[in-house]
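Trainee: The structure under discussion is supplied below as structure tokens; questions concerning it will follow.
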Amino acid sequence: MIGPEQTYMVISLAFAVFAAIAAVGAAITLSISFERLRNGFAKVREMVDVLNRQTGFFSTAIHNMEQRVDALDVRQDALEAQTAESNARTDSMLRYAENMVVQAKHEMKQEIADNHGESAQNSLEQPQELHVDMPKAPVRSGMDALLADNNDQNNGGKEDSAASIYFDAGSDHIRFV
Numbered sequence: 010m011i012g013p014e015q016t017y018m019v020i021s022l023a024f025a026v027f028a029a030i031a032a033v034g035a036a037i038t039l040s041i042s043f044e045r046l047r048n049g050f051a052k053v054r055e056m057v058d059v060l061n062r063q064t065g066f067f068s069t070a071i072h073n074m075e076q077r078v079d080a081l082d083v084r085q086d087a088l089e090a091q092t093a094e095s096n097a098r099t100d101s102m103l104r105y106a107e108n109m110v111v112q113a114k115h116e117m118k119q120e121i122a123d124n125h126g127e128s129a130q131n132s133l134e135q136p137q138e139l140h141v142d143m144p145k146a147p148v149r150s151g152m153d154a155l156l157a158d159n160n161d162q163n164n165g166g167k168e169d170s171a172a173s174i175y176f177d178a179g180s181d182h183i184r185f186v
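Just so you know, we're using the working numbering here: the sequence shown kicks off at 10 and counts up by one.
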């Protein structure tokens with residue numbers, strides 16, 4: 010027969026086995042949980058690395074774009090300055106040409122008046138044909154002369170009629186300001 014002392018021992022032994030099994034189960038559960046946490050942290054670390062690389066890529070791209078924009082701003086400023094200078098030169102040449110035309114008109118009127126006297130005033134009211142002697146060879150001036158000289162060098166002296174423009178004014182009448 011089993012006495013009360015042996016019953017206590019069996020019960021305490023059963024509790025010890027149960028506690029050992031529970032401890033092993035808890036250890037296994039905790040180790041699995043910690044492993045999952047570690048894997049999760051590793052994935053988070055990888056995601057942070059990817060974000061850092063992407064941030065670096067985009068910051069480099071943004072920096073390069075800013076440099077290009079700055080270079081384009083400098084280029085645009087230079088072009089605007091050149092355009093303003095070109096416009097000023099064109100305006101100056103236009104004013105000079107207008108003054109030349111007005112002066113030539115006055116000189117022609119004066120010459121007609123000097124040569125023909127009062128009859129010139131009466132004849133101006135009637136249309137007249139004006140004859141102007143053209144130079145025997147076209148006179149090159151300004152940029153056209155430079156282009157023609159360059160054309161002569163490139164074509165071995167042969168003239169290309171499509172490449173040159175001829176002016177009826179001498180180069181002394183055109184001044185670059």
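By construction, the Cβ of each residue, glycine as well, lies at the ideal position given by its N, Cα and C atoms.
Source: prediction; values computed, not measured.
Going by DSSP, what residue range makes up the alpha helix (DSSP H) through Ile71?
Mentor: Unbroken alpha helix (DSSP H) run through Ile71: Pro13 to His125.
Trainee: Taking all protein chains shown into account, decide if Lys52 is buried (16 or more other Cβ within 10 angstroms of its Cβ) or exposed.
Mentor: Burial call: exposed.
Trainee: Could you tell me the distance, in whole angstroms, from the CA atom of Ser21 to the CA atom of Gln15?
Mentor: Spanning the two alpha carbons is a distance of roughly 10 angstroms.
Trainee: What's the C-alpha gap between Leu88 and Arg98?
Mentor: For Leu88 and Arg98, the distance between alpha carbons rounds to 15 angstroms.
Trainee: Work out the CA separation of His72 and Ser95 for me, nearest whole Å.
Mentor: Their Cα atoms are separated by approximately 34 angstroms.
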